[in-house]
Each structure stands twice: as structure tokens, then as C-alpha cells.
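S.K.: Protein chains in written order, with the numbering used here: chain W, 1 to 136; chain Z, 137 to 272. Take this structure first; my questions come after.
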DNA sequence: CATCATCCGTAGCCATTGCTACATTTACAT
DNA sequence: ATGTAAATGTAGCAATGGCTACGGATGATG
Ligand SMILES: [Mn+2]
Ligand SMILES: [Mn+2]
Ligand SMILES: [Mn+2]
Ligand SMILES: [Mn+2]
């Protein structure tokens, strides 16, 4: 019986772990997108993008620099490291698959955009594969 | 162009809002389940269920009491208020639909259990309706 | 090259959710 | 009834991610 409860706790541990990576994933994806669209990515671009204050962005950018995902000098644009770029591509691809999946399932674009932004971080490789298969 | 960025920020705001309700949703669902299975729900049952310390549970239970979702006296079992019970039923139903959906999509039970625990909180009414339709 | 608006960093606050260590209460066994 | 183990509460710490207020840096404009 305790094994049962223990086994049941695994999804929650995994979910907490995924939430811990969520900020990093969203940030590298945003930086990549903003650089593609505007040529550079400033702190204030990210603040508008996520609808948070520039202070929140600034602190998170600093932390992601320590994790070797982003790079920037003070008052300069934010750039992706090689590691950050690689993560961004993976994350964006997964996001696009989740989004396309929801739309093919019959969800309108507005709600597919909203829901996919959260769902993407909880889609493991098996679920992602099942979504890809459904899309074909 | 700024409207475009503003519109893009909506999914992130919504995702943050959903994460803010996530703990309450998981807790009322867990309390309902533990009472059904064991007759009562103790703080330590919840700690094992979520794989966190009893201290974390104790503090969250106190807060959810202030939100009128749970009820308990010190050293006594945790119970659901009417409001908590209503929320638990809604949340559990949604969770079961997401789980069944993933399994029907071809995901194995272990991974469906894991992924649905996070995905459930990001499934809006439109996506939930689309999943229900797919299940029929 | 001086001024000024914009951008960005820093200080410091709050809430949430993890934790360990310790205190207290409860419940059970002798 | 008393003693002990388990359950729960409390104190206090850390990390994360929100915020406002303020000050310094940058760059465009005249
Ligand atoms: Mn996201
Ligand atoms: Mn989530
Ligand atoms: Mn759940
Ligand atoms: Mn959940």
C-alpha cells in the first residue's frame, strides 16, 4: 500500500521538476524569437513579451547566464549561448507540435495558443511522439 | 507591432494564473481521494502523496483553510469544505479526461499518469471539450 | 557637447514552496 | 497511569519570481 502511494507521488515530483525548467525554456525560446524578428533582444522586449517588469527579466537573465544559456553585458542586448540556442530549438519545435496538435484536435487558435504555452512543458517524449503520429 | 507583442503576452499571463491555482487543485483532489480510500486524510498522508515534507503540507493546508477549501483542527484529519469538495470533483473529472485522452492517443499508462498531472491545469474548457469529443 | 528620454541595474519588499531542526500533542502499549 | 513513538506544529533558512522606487548608463537630438 505504501508502494502505491510512493508510485503515485512520482508524477508530482516530475511535475515540480518540469516547472523548475519552465522559465529557462520560455526565456530561451523568447530570446530566439525576438532576435529572429527584431535582430536583437533587449531586456524590455522580454518584459513586454512576458508581461512582467524589467526587474523580473533582469534577475532571470542573470541567473540563466550563470546556467550558460544566455549571454549579455550590462546595458547590452541578450544573446543565446550555444547551449541556449540548442535548447531553444528543441523547445520551440516541441511547442509548435503541441500547438498544431491542439488546432488539429479542433481547438480555436486563441485557446490553442494559451493552453499550449503551459502544456508544452509537461509533454514528455512519449506523449510528443503520440502527438506527432496524430498529426500525420 | 506592439499589439502583436501584447497579444503574445496573454498566454504567459494565463499560464502564471493557472500555476497559481495548481496547488489548491492538486490538494483538494488528493484530500478527496485519500478520504475515499482510507476514510480520513492526515497531514502525513498528503506529505507521502506529494513526496514533500509534512511541514510543506501543514503550511499549505493552513492557507487553503483561509481560502475556505479545506477544514481541520490542529492534530486532526483534513477535511473538505463544500467549496473544496465542489472544486475537487471538477478537478478530478478534468484530470480523468486528460488521462484517458492521453491513453487513447497511444501513450503508455506510466507516462500518461506523469504528463497528465501537469497538463490537467493548463487545459481550458475548449481544449477539454475537444478531448471529450475525441474520446467518443 | 550638452541635454534628456529611454533603458537597465540595484535595493528592498512580498508570497510561495521547498527544507531541517526542534517542540508539542496525541495515541497506544505496558 | 505512565512512558514512548508517531504525528503535527513552529521557527527559521533558501530559492524563485512577482512588484515599486530610485539611480546610473546610453544614445539620440539639438
Ligand atoms: Mn511555455
Ligand atoms: Mn505547469
Ligand atoms: Mn491531479
Ligand atoms: Mn496536477
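A virtual CB, placed ideally from N, CA and C, is assigned to each residue, including glycine.
Measuring from the CB of residue 190 of chain Z, is there a heavy atom of ligand 1 at a distance below 7 Å?
M.R.: Result no, Cβ not under 7 Å from ligand 1.
S.K.: Run through DSSP, which three-state label would residue 216 of chain Z get?
M.R.: In this structure, residue 216 of chain Z counts as strand in the three-state DSSP scheme.
S.K.: What is the DSSP secondary structure of residue 69 of chain W, counted as helix, strand or coil?
M.R.: Correct three-state label for residue 69 of chain W: coil.
S.K.: So the alpha helix (DSSP H) residue 253 of chain Z belongs to, where does it begin and stop?
M.R.: Run containing residue 253 of chain Z: 245-255, per the alpha helix (DSSP H) assignment.
S.K.: Using Cβ-Cβ distances below 7 Å, what residues of the segment 67-88 of chain W are close to chain Z?
M.R.: From the segment 67-88 of chain W, no residue has a Cβ closer than 7 Å to chain Z.
S.K.: Report whether the distance from the Cβ of residue 204 of chain Z to the nearest heavy atom of ligand 4 is below 7 Å.
M.R.: No, the Cβ of residue 204 of chain Z stays beyond 7 Å of every heavy atom of ligand 4.
S.K.: Residues in its own chain within less than 7 Å of residue 112 of chain W by CB, not counting five upstream and five downstream?
M.R.: The residues are 99, 102 and 103.
S.K.: Please report whether the beta-carbon of residue 49 of chain W lies at a distance below 8 Å from any beta-carbon of chain Z.
M.R.: So, interface residue.
S.K.: Closer than 9 Å, Cβ to any Cβ of chain Z: which residues of the segment 49-65 of chain W, in chain order?
M.R.: Listed by position along the chain: 49, 50, 51 and 52.
S.K.: Specify the secondary structure class of residue 2 of chain W as computed by DSSP and reduced to three states.
M.R.: Here the model assigns residue 2 of chain W a pLDDT of 49, short of 50, so the residue's position is not dependable, and the following value carries that caveat. Note: residue 2 of chain W maps to helix in three-state DSSP.
S.K.: How should residue 93 of chain W be labelled, buried or exposed, when 16 other C-beta atoms within 10 angstroms of its C-beta is the threshold for buried?
M.R.: So residue 93 of chain W ends up on the exposed side.
S.K.: Give me the Cα-Cα distance between residue 138 of chain W and residue 142 of chain Z, rounded to the nearest whole angstrom.
M.R.: Residue coverage of chain W in this structure runs from 1 to 136, which leaves residue 138 of chain W outside it and unanswerable.
S.K.: Residues of chain W with CB closer than 9 Å to the CB of residue 172 of chain Z, please, in chain order.
M.R.: Neighbours of residue 172 of chain Z on chain W: none; closest Cβ ~13 Å, over 9 Å.
S.K.: Given a threshold of 16 other Cβ atoms within 10 Å of its Cβ, counted over all protein chains shown, does residue 11 of chain W qualify as buried or as exposed?
M.R.: Looking at its Cβ environment, which holds 16 or more other Cβ atoms inside 10 Å, residue 11 of chain W is buried.
S.K.: To the nearest angstrom, report how far apart residue 8 of chain W and residue 186 of chain Z are at their CA atoms.
M.R.: Going by the C-alpha atoms only, they are around 8 Å apart.
S.K.: Quick one, which of Z/232, Z/155, Z/242 and Z/215 has its alpha-carbon nearest residue 182 of chain Z's?
M.R.: Nearest C-alpha to residue 182 of chain Z: Z/215.
S.K.: Between residue 235 of chain Z and chain W, is any beta-carbon pair separated by less than 8 Å?
M.R.: Chain W, which has no Cβ nearer than 8 Å to the Cβ of residue 235 of chain Z, makes this no.
S.K.: Output the residues surrounding ligand 1, defined as those with a CB atom closer than 6 Å to any ligand heavy atom, in chain order.
M.R.: Checking every Cβ against the heavy atoms of ligand 1 under 6 Å gives W/26, W/117, W/120 and W/121.
S.K.: Looking only at its own chain, which residues have a Cβ that is under 7 Å from the Cβ of residue 132 of chain W, when we skip the five neighbours before and after it?
M.R.: Excluding residues within five positions, the ones whose Cβ falls inside 7 Å are 97.
S.K.: Give the C-beta separation of residue 263 of chain Z and residue 43 of chain W to the nearest angstrom, bearing in mind that I take them to be a contact with Cβ-Cβ under 8 Å.
M.R.: Actually they do not touch by this definition, with Cβ atoms about 33 Å apart.
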